[in-house]
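The opening residue of the sequence shown carries number -1 in the working numbering; numbering runs sequentially from there. Ideal placement from N, C-alpha and C gives every residue a C-beta, glycine not left out. On a predicted model such as this, the values are computed, not experimentally measured, just so you know. Data block below; observations after.
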Amino acid sequence: MKKPFLIQLLTLVLFSFHGSFAAEAINPGFTFQGLYEEGDTPFNGTIRLKFSLWDAEEDGNQIGSSQTLDDIGVVDGVFTVVLNASDEYGENAFNGEDRWLQVEECLDVECTSSEIYSPRQGLRAIPYAYYAATSPWMGLTGVPEGFADGVDNTGDSLWEGEEAGPIHSANKVGIGSATPHHQLRIAGGPTWTTNGWAGA
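Written as structure tokens, this is what we have:
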């Protein structure tokens, strides 16, 4: 009897992690690698498998749609497939809650009959890297005040402090001056302008 065993779970997310840092969307696909044997002998050839995502190790609810892959190459018992590359499991599939992957071997061309391999495979931390790049602000902790829109715009200046200390305002720096009108203004001292020091 042929039977696949999970030996490794990787992800393509880490190699295409553009997310909120670029206009490109994150590739939600992740790699499933398994060992497929016939008896105790590693299998060589092609297989047809169906994969589905679930919210429980047994029974439970299916997440998204099933994904059937044809002509999966197996060499010395090892096969590798990319799952969820087109968001088959849905954009909210990995929302931080536990997920399990069900693997079935198709017994006919349409995969209307299949052999389900048990138990389902629990998905661990790496596939959730996708969720980490898309988490809503409400799910994060330690977000600086005024940063909810992704821009640190707390106040109207880069620096805040007492008048006696350095103050940055409208790209101008004042030391002992709350409203510097030049690039650098030192209260009671010289002022740096576009023409050099003045009042030195």
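Here the alpha carbon of tyrosine 34 sits roughly 30 Å from the alpha carbon of asparagine 90.
Under the DSSP assignment, threonine 66 falls in the beta strand (DSSP E) whose first and last residues are 60 to 72.
Shown here, threonine 110 sits in coil according to DSSP, grouped into three states, outside any helix or strand. Cβ neighbours of leucine 105 within its own chain (closer than 7 Å, five residues either side excluded): Ser111, Ser112 and Glu113. Nearest Cα to glycine 32 within the set Ser63, Ser84, Asn93 and Leu99: Leu99. Of all alpha-carbon atoms in Pro188, Pro26, Ile173 and Leu182, the one lying nearest the alpha-carbon of asparagine 93 is that of Pro26. Note on arginine 122: under 16 other CB atoms within 10 angstroms of its CB, so exposed under the neighbour-count rule. In the DSSP assignment, leucine 99 falls within the unbroken beta strand (DSSP E) covering 98 to 104. Exclusion of the five residues before and after isoleucine 70 leaves Thr44, Ile45, Arg46, Leu47, Phe77 and Val79 as the residues of its chain whose Cβ lies within less than 8 Å of its Cβ. With distances taken between CA atoms, threonine 29 lies nearest to Asn82 out of Asn82, Glu102, Asp74 and Asn42.
Tyrosine 34: member of the beta strand (DSSP E) spanning 28 to 36, first to last residue. For phenylalanine 77, the enclosing beta strand (DSSP E) starts and ends at 76 to 81.
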